[in-house]
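Novice: There's a structure below that I have some questions on.
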Amino acid sequence: MATNDILNTENYKKITNNITRIDSLSKRLLATVNQRDAPNQELSAPNQDVFTNASALYWQKMVQNPEKVYMQQVAFWAESLQHFIEAQQVTVSPSGQQASQTEETDPRFAHPMWQNNPYFNLIKRQYFLNAASLRSAVDEISDLDPIEKQRLEYFSSQIIDLMSPTNFLATNPAALEKAVETEGQSLIDGLENLVTDLEHNNGELLVRLTDENAFELGVNIASTPGKVVFRNRMLELIQYQPSTETVRETPLIIFPPWINKFYILDLKAQNSFIKWVLDQGYSVFVVSWVNPDQSYDEVGLEEYISEGFYAAISTVKQISGQKQVNALGYCIAGTVLSLVLALMKKRGDRSIKSATFFTTLTDFSQQGEFTPFLQDDFVDGIEQHVEKNGVLPSHILSRTFSFLRSNDLIYRPAIKSYMLGETPPAFDLLYWNGDATGLPGKMTVQYLRWLCQQDQFAQSGITLFGEVLRLSDVTVPFCAVACETDHIAAWPDSYRGFTKMGSRSKTFILSQSGHIGGIINPPSKKKYGHYTNTDMRLSHNEWQDNAAFHEGSWWSRWESWLRKKSGKLVPAQQPGSEVFKPLCAAPGTYVLKGKSTSEK
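FYI, this note's numbering numbers position 412 of the sequence shown as 420, with every residue one higher than the one before it.
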């Protein structure tokens, strides 16, 4: 073949194009990394005392009982040697390979080569052996403070997950196989995904979980018709277009968490909680919180209460002409809603007729899976960061939540995106999850110190606006929904707080699934069931043991409860009033930072 023919082949063009792409991507990668802020060590790892104390106790135990440690090491090396011998035997005589006795159900090792190939099988078995040995070493450490022991267990588990051979190209058969099949194209596409993620997050590595080009705010997500009828520096208040001719006279105002944006409750139409509530015949208002910048550094809990909750409730009362509203708070907004209810009790304010809480913590005496992050070394680091920067960036919270489920939310998506070169799927819930917000510095520190660490609301009382507020001050009828596998607001902790409230009328529902899946659970999906039990004098274990299980979503059960608190049917009103004229179409302007929308 002539030289010109070779130069004109498709393979040569492909190789040349890929070399050009790699060069361009490498330059972008270097530029992004160089622009990244220096990492804050206090936010990246625990105080070294955690590991120093554990190491000292381990070596002290070895000195006191060396034969036990020696026996553990001998057993480890014996099993390692056995793995190697078995791999050699299989290499010589493939027909003699036996099924591995390791954790074959682990989804990370589903590729057939982890079982069938001697090399990968040896790596897998050795990984499980190493993991078991590290866990055993941690378990053997005694005389360590319980919280420090829990932290040591958590961080050692993080090391185990990080060191999985599936996380490295040279020891991931699925990634290697695809690289060969695509002549390396998958790796180049993966590098493109990596660089794009870094650029999108100012050098911070946060894996995209969904295709962000698949959704457009106001078009196919957050698209329920409505108007912004009020705006201040803390929020935009959205009043939704009624979908029925008549509505219940007592309006419902929803306070979403301000860690993410409000449209978790207004995803695609078939998953939209807001649309479903409208279709049941209610007048619905939703708060869209501002995404704060450095100018909000002195905004604390009192500002969220006065300029947020009180301002929104007052506006809804004026627009609807009603003296009372029903209020709903989700996650952190539910926590602060309970503070608002306690404050209103002190002030004799009866503006809230009933309250609904989604996945809400009010008693922080047990910190659960967040224990590793709620100790002074991490909280001190956060306080130092917000003192310098004014806000806590969204990526810090996102990273913290992700590491609680690192295999599902970090490593598996990273493998698919960076090693396999796959485009993230189009998933509305994950799109919302990637649209996080920052937190004002003052509010962040108050929440972590006063509520999470000191548990003031459930213990001695928390002082706001000159009033000492306690859980027992919450006396309005309420319905609380918690989720069985919630890793952010563990349901036993949520339940414990509600048992301490002073309300005479208490309803508690336990949904299957987690922090989001258990809440965004429309009846049409017939997916997750729920538990009910009217006796909240029981411990959480007794409550669940004696609870009735119901197939399907809890939404209809909650609506039946809300209907009794919402008065008679009245003609539906269009959004706004003479005083509060519509400012713009939903989803408003505060939600759009970093996202696109279409005018409605």
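In this text, a Cβ means the ideal position worked out from N, Cα and C, and glycines have one as well.
1) Cα-Cα, which of F136, W551 and I360 is closest to I262?
2) Does DSSP put V324 in a helix, a strand or coil?
3) Give every residue of the same chain whose Cβ lies closer than 8 Å to the Cβ of A277, excluding the five residues on either side of it in the sequence, and list them in chain order.
4) Whether or not the stretch 394 to 408 and the stretch 158 to 168 are in contact is what I'm after, with contact meaning three or more pairs of Cβ atoms, one per stretch, closer than 8 Å; do they touch?
5) Run the CB neighbour count on N201, radius 10 Å, all protein chains shown included, and call it buried at 16 or more, exposed below.
6) Who are the near neighbours of Y503 in its chain, counting only those whose CB is closer than 7 Å to its CB and skipping five residues on each side?
7) Are E207 and H403 closer than 8 Å when you measure CB to CB?
8) K514 to P500, Cα distance in whole Å?
9) Determine whether the Cβ of Y312 lies closer than 8 Å to any Cβ atom of chain B.
10) Could you check which residue in D153, L225 and R571 has the C-alpha nearest to that of V333?
11) What do you reckon, are the CB atoms on K601 and N279 nearer than 8 Å?
12) Three-state secondary structure (DSSP) at L369?
13) Suppose you measure from the CA of V394 to the CA of K576; what does that come to, to the nearest Å?
14) Which first and last residues belong to the beta strand (DSSP E) in which L260 is found?
15) Looking at C-beta atoms only, is the number of pairs between the stretch 165 to 184 and the stretch 130 to 139 that lie closer than 8 Å three or more?
16) Just the Cα atoms here: how many angstroms apart are H119 and A182?
17) Closest to L479 by CA distance: which of L351, R239 and L37 is it?
18) Within its chain, find whatever has a CB closer than 8 Å to the CB of T204; leave out the 5 residues flanking it on each side and keep chain order.
19) What is the DSSP secondary structure of F117, reduced to helix, strand or coil?
20) For G198, collect the residues of the same chain with a Cβ closer than 6 Å to its Cβ; drop the 5 residues on either side in sequence, then sort them by chain order.
21) Taking F386 as the reference, which of L400, S373 and Q374 has the closest Cα?
22) What three-state label does DSSP hand K589 in the structure shown?
23) Of the choices V324, G289, T24 and L275, whose alpha-carbon is the least far from that of V587?
24) Check the C-beta distance from A594 over to G234 and give it rounded, since I have them as a contact under 8 Å.
25) Could you work out which residue in T370, D543 and G356 is closest to I340 when comparing CA atoms only?
26) Would the C-beta of I528 count as close to the ligand ATP, meaning under 7 Å from any of its heavy atoms?
27) Would you mind listing the beta strand (DSSP E) stretches within the stretch 192 to 268 that are 3+ residues and don't spill past its ends, in chain order?
28) According to DSSP, which residues form a beta bridge with I470?
29) What residue from V285, I246, S32 and P126 has the CA that sits closest to P530's CA?
30) Which of the three DSSP states, helix, strand or coil, is assigned to G337?
31) Can you give the Cα-Cα distance for Q462 and G446, rounded to whole angstroms?
32) If we count the other Cβ atoms within 10 Å of its Cβ and call it buried at 16 or more, is L417 buried or exposed?
33) Looking at the structure shown, is L382 part of a helix, part of a strand, or coil, going by DSSP?
34) Taking the C-alpha atoms as reference points, what is the distance between I496 and L273?
35) Since Y127 is in the beta strand (DSSP E), which residue starts that stretch and which ends it?
36) Tell whether a beta-carbon distance below 8 Å holds between Y271 and I327.
Specialist: Quick look at the numbers:
1) Within the sequence shown, numbered from 1, the residue matching residue 262 stands at position 254. When each option's Cα is compared against that of I262, the closest is I360.
2) The residue given as residue 324 occupies position 316 in the sequence shown. Helix at V324.
3) Against the sequence shown, residue 277 aligns to sequence position 269. Within its own chain, the residues whose Cβ lies closer than 8 Å to the Cβ of A277, once the five positions on either side in sequence are excluded, are S231, T232 and K283, listed in chain order.
4) no
5) Here residue 201 refers to the residue found at position 193 when the sequence shown is read from its first residue. Classification of N201: buried, given that the 10 Å Cβ count is 16 or more.
6) Indexing the sequence shown from 1 puts residue 503 at position 495. Closer than 7 Å at Cβ, skipping near neighbours: A490, F516, H548 and W551.
7) Counting from one through the sequence shown, the residue named residue 207 turns up at place 199. Counting from one through the sequence shown, the residue named residue 403 turns up at place 395. No, Cβ-Cβ distance for E207 and H403 is not below 8 Å.
8) Here the question's residue 514 lines up with position 506 in the sequence shown. Here the question's residue 500 lines up with position 492 in the sequence shown. Distance between the alpha carbons of K514 and P500: 16 Å.
9) In the structure shown, chain B cannot be found, because there is only a single protein chain.
10) Along the sequence shown, one-based indexing puts residue 333 at 325. Among D153, L225 and R571, the Cα nearest to that of V333 belongs to R571.
11) Here the question's residue 601 lines up with position 593 in the sequence shown. Here the question's residue 279 lines up with position 271 in the sequence shown. No; because the gap between Cβ atoms is not below 8 Å, this pair is not in contact.
12) Within the sequence shown, numbered from 1, the residue matching residue 369 stands at position 361. Coil.
13) By 1-based counting over the sequence shown, the position of residue 394 is 386. By 1-based counting over the sequence shown, the position of residue 576 is 568. So the alpha carbons of these two residues sit roughly 48 Å apart.
14) Locating residue 260 in the sequence shown gives position 252, where the first residue counts as 1. Unbroken beta strand (DSSP E) run through L260: L260 to F263.
15) yes
16) Taking the first residue of the sequence shown as 1, we reach residue 119 at position 111. Taking the first residue of the sequence shown as 1, we reach residue 182 at position 174. Approximately 7 Å between the Cα atoms of the pair.
17) The count along the sequence shown starts at 1 and reaches residue 479 at position 471. Closest by alpha carbon: L351.
18) Counting from 1 along the sequence shown, the entry for residue 204 is found at position 196. Only R216 meet the Cβ criterion.
19) In the sequence shown, the residue the question calls residue 117 occupies position 109. Helix, per DSSP.
20) Here residue 198 is taken as the residue at index 190 of the sequence shown, counted from 1. Closer than 6 Å at the Cβ level, and outside the excluded window around G198, lie Y426, M427 and G429.
21) Numbered from its first residue, the sequence shown carries residue 386 at position 378. Of the candidates L400, S373 and Q374, the one whose C-alpha sits nearest the C-alpha of F386 is L400.
22) Counting from one through the sequence shown, the residue named residue 589 turns up at place 581. Correct three-state label for K589: coil.
23) If you number the sequence shown from 1, residue 587 lands on position 579. Comparing Cα positions, the closest option is V324.
24) The residue labelled residue 594 in the question sits at position 586 within the sequence shown. The residue labelled residue 234 in the question sits at position 226 within the sequence shown. The pair is a contact, with the Cβ atoms about 4 Å apart (cut-off 8 Å).
25) For this step, residue 340 is matched to residue 332 along the sequence shown. For I340, the nearest C-alpha among the options comes from T370.
26) You won't find the ligand ATP in this model; it holds no ligand whatsoever.
27) The stretch 192 to 268 contains these whole beta strand (DSSP E) runs: 234 to 239, 243 to 248, 254 to 256 and 260 to 263.
28) For the purposes of this step, residue 470 is taken as the residue at position 462 of the sequence shown. According to DSSP, which records beta bridges pairwise, I470 is partnered with L477.
29) If you number the sequence shown from 1, residue 530 lands on position 522. It is V285 whose Cα lies nearest to the Cα of P530.
30) Numbered from 1 along the sequence shown, position 329 holds the residue referred to as residue 337. In this structure, G337 counts as strand in the three-state DSSP scheme.
31) Taking the first residue of the sequence shown as position 1, residue 462 is located at position 454. Taking the first residue of the sequence shown as position 1, residue 446 is located at position 438. One C-alpha to the other measures close to 23 Å.
32) Residue numbering aside, residue 417 sits at position 409 when the sequence shown is read from its first letter. Buried.
33) The count along the sequence shown starts at 1 and reaches residue 382 at position 374. In the displayed model, L382 falls within coil according to three-state DSSP, outside both helix and strand.
34) Position 488 of the sequence shown, counting from 1, holds the residue named residue 496. Position 265 of the sequence shown, counting from 1, holds the residue named residue 273. Between the C-alpha atoms of I496 and L273 there is a straight-line separation of about 18 Å.
35) Working through the sequence shown from its first residue, we reach residue 127 at position 119. Unbroken run through Y127 is the alpha helix (DSSP H), P126 to E148; no beta strand (DSSP E).
36) Taking the sequence shown and counting its residues from 1, one reaches residue 271 at position 263. Taking the sequence shown and counting its residues from 1, one reaches residue 327 at position 319. Cβ atoms of Y271 and I327: not closer than 8 Å.
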